[in-house]
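**Student:** One structure follows; several queries about it will come next.
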Amino acid sequence: YRYLGIRNKAIVSLFVASGVRVDEMAKMRLTSLDPRLNEVRVMGKGAKARVVPISREARKALKHYLTLRSPGGDGLWLTDDGEPMSLQGVKVMIQRLKQRAGVNSGGGAHRFRHYFATRYLEAGGDLNSLRLLLGHSTLDMVLKYSRYVDVRKALAQHDQFDPLDRLYHGDNQRGRVVCPPGPAFGSPRRQRQQPASLWFLGSSGYH
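Numbering (the UniProt record's numbering), first residue to last: 1 to 207.
Structural data, given as structure tokens:
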């Protein structure tokens, strides 16, 4: 089970760090990887290939996995029997990790794509760069992430500058830092933020 836990951590780390689609993750090959593990080539919708970067933490998790991976075959992600993981296998693995972590809200691996996109924009990334990283042909698809981020900002500002609270507390409200919940699993304000690293770091034993 140690092998599966390390593999699962590498998969989820790459999901969070790159925002790739679940089918793109399942199709990854050893030959898709840059020799230095700085980038990975993915095959997107319409057989359109693109290159996405591998961040430092994702690279560490991937390197650890590769030291334990069976040498046979070109499929990047293997089961404990040495067989390539299928698309359904990746989906089932994510659902089981959610259950193990006690995450009850809906959504599967695509939530990582949403998480990546919104956090990328919140950190200052621009829409066109995000479009290229996600593999969209137009900006229309990434604008929904921008709107989500704008709503989160508005909610945070309302908590800070709510007129009723200011009537009661005056200018003491100024400077209060509000951190609205994150979008990893669930809607804004209804769920405490789930750090991307918490629920999968201890995972093991799932195909």
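Note that the Cβ used here is the ideal one computed from N, Cα and C, for glycine as well.
Source: prediction; values computed, not measured.
If you follow the alpha helix (DSSP H) that Ala101 is in, where does it begin and where does it stop?
**Tutor:** Taking the first residue of the sequence shown as position 1, residue 101 is located at position 101. Where Ala101 is concerned, the enclosing alpha helix (DSSP H) stretches over Leu87 to Ala101.
**Student:** Considering only residues of the same chain and omitting the five flanking positions on each side of Ile11, which have a CB-CB separation below 6 Å?
**Tutor:** Within the sequence shown, residue 11 is the residue found at index 11, counting from 1. Cβ neighbours of Ile11 beyond the five flanking positions: none.
**Student:** Would you mind working out which of Leu78, Gly108, Tyr148 and Met25 sits nearest Ala117, comparing C-alpha positions?
**Tutor:** The residue you call residue 117 lines up with position 117 of the sequence shown. Comparing Cα positions, the closest option is Tyr148.
**Student:** In three-state DSSP terms, what is Gly82?
**Tutor:** In the sequence shown, counting from the first residue as 1, residue 82 sits at position 82. If DSSP states are grouped into helix, strand and coil, Gly82 belongs with coil.
**Student:** If you reduce the DSSP assignment to three classes, tell me which class Gly182 lands in.
**Tutor:** Residue numbering aside, residue 182 sits at position 182 when the sequence shown is read from its first letter. For Gly182, the predicted model reports a pLDDT of 49, less than 50, meaning its position is unreliable; a value from the coordinates is still stated below. Gly182 falls in the coil class under three-state DSSP.
**Student:** Looking at the C-beta of Ser70, does it have a partner C-beta in chain C at a distance below 8 Å?
**Tutor:** The structure shown contains no chain C, having only a single protein chain.
**Student:** Among the candidates Gln160, Leu130 and Val52, whose CA atom is the shortest distance from the CA of Ser146?
**Tutor:** Here residue 146 is taken as the residue at index 146 of the sequence shown, counted from 1. Out of Gln160, Leu130 and Val52, Leu130 has the C-alpha closest to the C-alpha of Ser146.
**Student:** Taking its Cβ as the centre, do 16 or more other Cβ atoms sit within 10 Å of Gly102, making it buried, or is it exposed?
**Tutor:** Taking the sequence shown and counting its residues from 1, the one referred to as residue 102 is at position 102. The residue in question, Gly102, is exposed, as its Cβ has fewer than 16 Cβ neighbours within 10 Å.
**Student:** Going by CA-CA distance only, name the one from Leu143, Leu164, Leu62 and Lys153 that's closest to Leu127.
**Tutor:** Locating residue 127 in the sequence shown gives position 127, where the first residue counts as 1. Checking every option, the nearest Cα to that of Leu127 belongs to Leu143.
**Student:** Mind reading off the beta-carbon distance from Met25 to Val92? Whole number of angstroms is fine, and I expect it under 8 Å.
**Tutor:** As a working mapping, residue 25 is identified with position 25 in the sequence shown. As a working mapping, residue 92 is identified with position 92 in the sequence shown. The Cβ separation is near 13 Å, so there is no contact.
**Student:** In angstroms with no decimal places, state the Cα-to-Cα distance between Thr138 and Leu132.
**Tutor:** Along the sequence shown, read from residue 1 onward, the residue named residue 138 stands at position 138. Along the sequence shown, read from residue 1 onward, the residue named residue 132 stands at position 132. Cα to Cα, Thr138 sits roughly 9 Å from Leu132.
**Student:** Looking only at its chain, what residues have a beta carbon closer than 6 Å to the beta carbon of Ala58, apart from the 5 residues adjacent to it on each side?
**Tutor:** Stepping through the sequence shown from its first residue, residue 58 is reached at position 58. Hits under 6 Å: Ser13, Leu14 and Ala17.
**Student:** So Arg29 and Leu78 are supposed to be a Cβ contact under 8 Å. How far apart are they, rounded?
**Tutor:** By one-based count along the sequence shown, residue 29 stands at place 29. By one-based count along the sequence shown, residue 78 stands at place 78. That pair is no contact at about 11 Å.
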